[in-house]
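Enquirer: Handing you this structure, nothing more for now.
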Amino acid sequence: MSRIVCGIHPVRELLRARPGEVERLHFAPGAGRGVGELLALARETGVRGRPAEPGLLARLAAGAAHQGIVAEVTEYRYSDLADLLAPGGQPPLVLFLDGIEDPRNLGAIVRSADALGARGIVVPQDRAAGVTATAAKASAGAIERCPVARTVNLARAIEEAKKAGLWAVAAAPDGERPIWEVDLTGPMALVIGAEGRGIRPLVRRHCDLSVRIPMAVRAGSLNAAAAAAIVLYEVKRQRRPEETSAAPAKGSRRGLDTVVEDE
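Its first residue numbered 228, the sequence shown is counted upward by one per residue in my numbering.
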């Protein structure tokens, strides 16, 4: 079963990362310079574009903004959880999303995860958004670079991550500690819940620690994608402070249960 990727940025990243998975590439004749550049890239990667009949792009995109180009691609291949948890390289950072049902939120989270150094994302198989055309469009193509794994049991997957040496950290409005007071430099499984419902109690019980994002006003909870971006940035800030404008966090780095102490 094919999936749809549409829009300038998503199709560009698709052609760069997975050109062999493109089955058909449709474009609107005279769509503009951006589409022309993509067609040139497609030729370089061995993908042939074909002019679309009136209305075809809109039907394939099913409401998403196609910007004059739509690719039909082989079904998305979800990654294996074991690959995301494998040792090697920098301390792994893997996101576990509990009940994110809006594919636009999923896409936005994937975009932030890719930009800020996460190894990948884990989503439940049921009652949660998967990789769709809408998610791919919202990710601006990051979905082609940032692996997404699916699991039938999120709590069990978190336990697997803990056995692999990752600390499970839940981000919640009522978290135990402000996010900047916790050392986030070690291997970490970051758990983000759905808007409104948050992280389910069963899933949260499997986490080692919970953190909160202090806010200036009592605004309830942030959008899941916004909360994920803030936490991911704080992880990036602590791990590579020289690449951010904020001062590095000070203190012991023995584990995520260590409070970061200011000088």
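Yeah, the Cβ is synthetic: ideal placement off N, Cα and C, and Gly gets one too.
These figures come from a predicted structure and were not determined experimentally.
1) With H, G and I counted as helix, E and B as strand and the rest as coil, what does DSSP make of I426?
2) Are E299 and E250 closer than 7 Å when you measure CB to CB?
3) According to the Cβ coordinates, are V297 and L265 closer than 7 Å?
4) To the nearest angstrom, how far is the alpha carbon of R372 from that of H236?
5) Got a sec? Which residues, its chain only, sit under 7 Å from R245 by beta carbon, not counting five neighbours each side?
6) Cβ of D200 within 7 Å of Cβ of R427?
7) Grab the span of the alpha helix (DSSP H) containing E240 for me, first residue to last.
8) Who are G276's beta bridge partners in DSSP?
9) Measuring alpha carbon to alpha carbon, tell me which residue in R439, I419, L320 and R230 is nearest A342.
10) Excluding sequence positions up to five away, which residues of its chain have a Cβ less than 6 Å from the Cβ of N332?
11) In whole angstroms, give me the CA-to-CA distance for T378 and V262.
12) When you compare each of G392, I440 and V458 to R404 by their alpha carbons, which one comes out closest?
13) Considering just the uninterrupted stretch of the alpha helix (DSSP H) at P330, what are its terminal residues?
14) What three-state label does DSSP hand A377 in the structure shown?
15) Based on DSSP bridge pairs, tell me the residues matched to E299.
16) Just the C-alpha distance for L449 and G273, rounded to the nearest angstrom, thanks.
Expert: Here's the rundown:
1) Secondary structure at I426: coil, using DSSP grouped into helix, strand and coil.
2) Going by beta carbons, E299 and E250 fall inside the 7 Å limit.
3) No.
4) Annotation: R372 to H236 spans about 13 Å, alpha carbon to alpha carbon.
5) Within the same chain, R245 has close Cβ partners E371.
6) Only positions 228 to 490 of the chain appear in the structure, and residue 200 is not among them; the question remains open.
7) Here the alpha helix (DSSP H) through E240 covers I235 to A244.
8) Looking at the DSSP assignment, G276 forms a beta bridge with L252.
9) With distances taken between Cα atoms, A342 lies closest to L320.
10) Cβ neighbours of N332 beyond the five flanking positions: A451 and A452.
11) Our two residues, T378 and V262, have alpha carbons roughly 37 Å apart in a direct line.
12) Among G392, I440 and V458, the Cα nearest to that of R404 belongs to I440.
13) Element bounds for P330: P330 to A342.
14) Residue identity check: residue 377 is Arg in the sequence provided, not Ala. In the structure shown, R377 sits in a strand (DSSP, three-state: E or B).
15) E299 is bridged to I231 and R251.
16) Whole-angstrom Cα-Cα distance: 43 Å.
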